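Residue 1 is where the sequence shown starts when you use the working numbering, and the numbers rise one by one after that.
Using N, Cα and C, we set each Cβ at its ideal position, and we do this for glycine too.
This structure is a prediction, so every number in the text was calculated from the model and none was measured.
What follows is a single structure, written as structure tokens, with notes after it.
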Amino acid sequence: MIDRFLLPALTFFIFLLAYLSPVSYAGSDPHFTPLVAQSLIYHKTFALTPYVDAIPDQFTTLSYQTFKSAGQTVYTYPIGASLLSLPFVGVALLLGNDMSTPAHNWFIQNVVSAFGCAGLFVLSYLLCRRIVERRAALVIALVSLLGSSMISTLGTALWNQLGITLFGGLVLLELTRTKPRTLPLAGYLFAAYLCRPTAIVLIGFVIVYLLWTARKQAAHLALWLSGWVLLWMGGNYLVMERTVTPYYDLPLPWVTPLLIFVGLGVAGWGMWQLDFGRKTPLIFPIDGLLGLTISASRGLFILSPFTLVIGAAVLRLRRQLMREKLVWLLVGWILAVMAVAILTDNWSGGAAYGARMMTEAWPAMTLLTAYCWRELGERSSEKYRWLTGYLLLGGVGVVLNSGIGLFNQSTVRWNHYPETSQQHLFDWKFPQYTASPDQLDARLQSYWRENAPATAQALPTYPFDTPIRPESETTVWEIEGEKVRIYVRLGAFSAENTNLILSGGNAAAIQRITINDHAMLPVTENRFSLPTAQLYANSLNRIAIYFTEAPQDVTDLQLTFKEVAPLK
């Protein structure tokens, strides 16, 4: 009786866990995802052009997320996550919500991501049930979800990795059938590709796997996929006069079908990165490998340490495991996702928590764990030791991902306090999972002491509520492209709300401002507001002003900090 209700009870618990999490990345890369769904419903197009004039500040602040083509403003990121959110957005619109309003947008992202996490738990359980008995499947599904980036990433925003992880899991569920069905398999793979272009890796491995096990089915699968991809590209061309968004660009688009057929998705992704001008060196990226596996703030083995036990079991049981043809696909997919991540300059996942770039490989990791569990069944003493290590380290992973990753809001600020570079990810003095307000302040001051101009260290205290001018001996100004950095030591102040007032000819060209790495948006013309006093009294403060184009000089620009009453 208990077993019958355990799965739905745990599923509901996981939904609540993700839904009630105060940690949110909804304002970052996924920001326009629900708005694309709304545009599809109201305007029958995935272009965001109808909203550009209505919410110009959002398009200015997040300009990297959109591009213009054929007179249309289009979301750079894949459409798959928007299609997943369509039913939720439709209901929200009926209730009077508007996805151009950030609060409504982020609420829907939270709801969809919570449902996604609950669905992934059920899917993980169903995958494991193909290999092991019910209670073992529940344990593996719980540890895999709660102890990994499946919850700490997918539970914090509507990332495009939600779709590829869900559909990748459905692909594996289909492949564990006695006779996989071609049409559902093609549908899941195509849907995964609409969510994230790295699905080409999975497509390649699945086709190679079917060539090994059922050649005729591999050909049918490739034909279905090719037809759907061509239709999708044609639809894209009708809207934006290009077949794919920049997120999917390849230097040689005609190579894509060949990559699908021979399973060289990793090479394709590496070339895609080179095409974006990232100048990825054609050498083994040791920094990316170490960063993705053992770095303090992105390491898979650090944030989900039970993967070490899984890896040890795979090596120990390799002869038995490799008799299963599907295990070859699982191991290949995991390693290929890792290779894709480390071959790019974004193996860190940007502003995120933990090993975000490995999220889509977790269905494979979950099923591989079930295979190991089954093979250890006849080794009672060895299985006891393995299970002890798996559960103990799994508990650590649960604390790091479901606890800290979902409920410590300082981990979000850690990404921009200061703007995180890859060197910070290896820093064991200030790892992300130990983030706190005091730690972040200490980290920021430490960073600026090391990286600020030497002249900034000896600046005298500047009186608060006094105009700050470039030629003053109490400030240091730096121009770097479209950004101007200003270092200043401000005197004591007590306001809970502070306005930064700018004046001068350059002020109108300002795109955004950060003070001590806290972003601000215009409140009124040339007036910016901090919700709380994020300034350090008698300490080094850094103001970064981003202009729409590189300023020739800033001699006619001055700043004044004013203590003000709370804004109404």
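- Taking 8 Å as the cut-off, the beta carbon of Ser149 is found closer than this to the beta carbon of Gly354.
- In the three-state reduction of the DSSP assignment, Asn497 falls in the coil class, being assigned neither a helical nor a strand state.
- Per DSSP, the beta-bridge partners of Lys68 are Thr73.
- The C-alpha of Thr213 lies about 12 Å from the C-alpha of Leu329.
- DSSP places Thr560 within a strand segment (E or B) once states are collapsed to three.
- A contact is defined here as three or more CB-CB pairs under 8 Å, and the region 365-374 meets this definition with respect to the region 309-317.
- Inter-residue distance for Phe547 and Leu17 is about 40 Å (C-alpha atoms, whole angstroms).
- Taking each of Leu6, Gly80, Thr33 in turn and checking the Cα distance to Val139, the smallest one comes out for Leu6.
- Within its own chain, the residues whose Cβ lies closer than 8 Å to the Cβ of Phe67, once the five positions on either side in sequence are excluded, are Thr73, Val74, Thr76, Thr245, Pro246, listed in chain order.
- Here Phe547 is bridged, per DSSP, to Ile510.
- For Val476, the secondary structure class from DSSP, reduced to helix, strand or coil, is strand.
- Of the residues Leu343, Gln38, Ala118, Leu120, the one whose Cα lies closest to the Cα of Leu94 is Gln38.
- Judged by DSSP in its simplified three-state form, Lys325 adopts helix.
- Straight-line spacing of the CA atoms in Pro363 and Arg385 works out to 24 Å.
- For Tyr188, the uninterrupted alpha helix (DSSP H) segment begins and ends at 182-195.
- Counting along the chain, no beta strand (DSSP E) covers Tyr247, and no H or E run does either.
- Here Asn160 has Tyr77, Pro78, Gly80, Ala81, Cys195, Arg196 as same chain residues with Cβ atoms under 7 Å from its own Cβ, once five neighbours each way along the sequence are excluded.
- Pairing Leu225 with Ala186 gives a Cβ-Cβ distance under 8 Å.
- A distance below 8 Å between beta-carbons, with the five flanking residues on each side excluded, links Asn236 to the following residues of its chain, in chain order: Arg242, Thr243, Val244, Thr245.
- Following the DSSP letters along the chain, one finds Leu35 inside the alpha helix (DSSP H) bounded by residues 33-43.
- The shortest C-alpha to C-alpha distance from Arg323 to any of Trp106, Glu375, Ile14, Ser304 is the one to Glu375.
- Beta-bridge annotation (DSSP): Glu419 is paired with His416.
- Here Lys383 carries a helix assignment [DSSP, helix/strand/coil].
- If the five residues before and after Pro437 are omitted, its C-beta is found closer than 7 Å to the C-beta atoms of Ser410, all from its own chain and listed in chain order.
- Per DSSP, the unbroken alpha helix (DSSP H) holding Ile200 starts and ends at 199-213.
- Scanning Thr307, Thr359, Val412 for the CA closest to the CA of Leu387 turns up Thr307.
- Given a length threshold of 3 residues, each whole run of the beta strand (DSSP E) inside the region 433-485 is given here in chain order: 475-480.
- Apart from the 5 residues on each side of it in sequence, Met520 sits with its Cβ closer than 8 Å to the Cβ of Leu500, Arg512, Ile513, Thr514, Phe528, Ser529, Leu530 in its chain, given in chain order.
- Taking all protein chains shown into account, Phe46 has 16 or more neighbouring C-beta atoms within 10 Å of its C-beta and is therefore buried.
- When secondary structure is reduced to three states using DSSP, Ile310 falls in the helix class.
- Nearest Cα to Ala219 within the set Gly147, Ile207, Phe407: Ile207.
- Of Val327, Leu321, Met365, the smallest CA-CA separation from Met338 is found for Met365.
- Bounds of the beta strand (DSSP E) holding Ala519 are 518-520.
- Setting aside the 5 residues that flank it on each side, Arg298 is surrounded in the same chain by Gly291, Ser348, Ala355, Leu425, each with a C-beta closer than 6 Å to its C-beta; the list follows chain order.
- If you compare the alpha carbons of Asp465, Ala458, Trp106, Ala452 with that of Ile486, the shortest gap goes to Ala452.
- Comparing C-alpha distances from Ile468 to each of Asp556, Tyr433, Arg413, Phe430 shows the shortest one belongs to Asp556.
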